[in-house]
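In this note's numbering, the protein residues as written are -6 to 193.
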């Protein structure tokens, strides 16, 4: 009876020690998982900011180049040349729209074949702030895109402007792909740590 009692106490103590060790391992892994989640969230936020900055820079560069090419065509209302510039921008996969407009905010060209909006005022929410624009401006058009406007000047005379809308989908996709790869690597390392703790 004495031997059975000692064996029972030993088994209980061993089970308790094992449970304590497993609880500690679970606690360590839980803390590590939370840290990994926070790291992934911070990395995604940083990548999204970087991606948006890249989209804004691309939009600003495109609008500046278009503005340079459009001064004379807009001054002379040369719709063929204006359309050529607008269509070349609209052909880019991340460009959502193009508006070339006169000093009164009326659309001269939108890159379409029939210029269906010719002479119509820009009537979106961002348009009023662009009349009389003296410097390029980048605005958030939606959750998925930005609007870049660049004024057109002939000497000191304002003659209109150009607007392009750019999607941020491609930069968002790159960010999500990078985070997915980071999470896969993190999960693999977590599995390696668990195996290292459990195996002798």
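Built from N, CA and C at the ideal position, the CB exists for glycine as well.
CA-CA distance, residue 114 to residue 97, rounds to 8 Å.
Separation of residue 95 and residue 123 (C-alpha to C-alpha, rounded to the nearest whole angstrom) is 11 Å. Cα atoms of residue 121 and residue 99: separation of roughly 12 Å, rounded to the nearest angstrom. Residue 154 has 94, 144 as its beta-bridge partners, per DSSP. Per DSSP, the continuous alpha helix (DSSP H) segment holding residue 78 begins and ends at 72 to 83.
One thing to note: residue 88 has its Cβ no nearer than 7 Å to the Cβ of residue 139. Here residue 119 has 132, 140 as same chain residues with Cβ atoms under 6 Å from its own Cβ, once five neighbours each way along the sequence are excluded. Between residue 79 and residue 91, the C-beta spacing is below 7 Å. A straight-line Cα-Cα distance of about 12 Å links residue 57 and residue 82. Counting along the chain, no beta strand (DSSP E) covers residue 108, and no H or E run does either. Separation of residue 126 and residue 110 (C-alpha to C-alpha, rounded to the nearest whole angstrom) is 21 Å. An exposed status is given to residue 17, since fewer than 16 other beta-carbon atoms sit within 10 Å of its beta-carbon. In terms of Cβ geometry, residue 159 and residue 52 form a close pair [threshold 7 Å]. Separation of residue 137 and residue 161 (C-alpha to C-alpha, rounded to the nearest whole angstrom) is 6 Å. Per DSSP, residue 134 is one residue of the beta strand (DSSP E) stretching across 130 to 135. Relative to residue 75, the option among 1, 64, 54 whose CA is nearest is 64.
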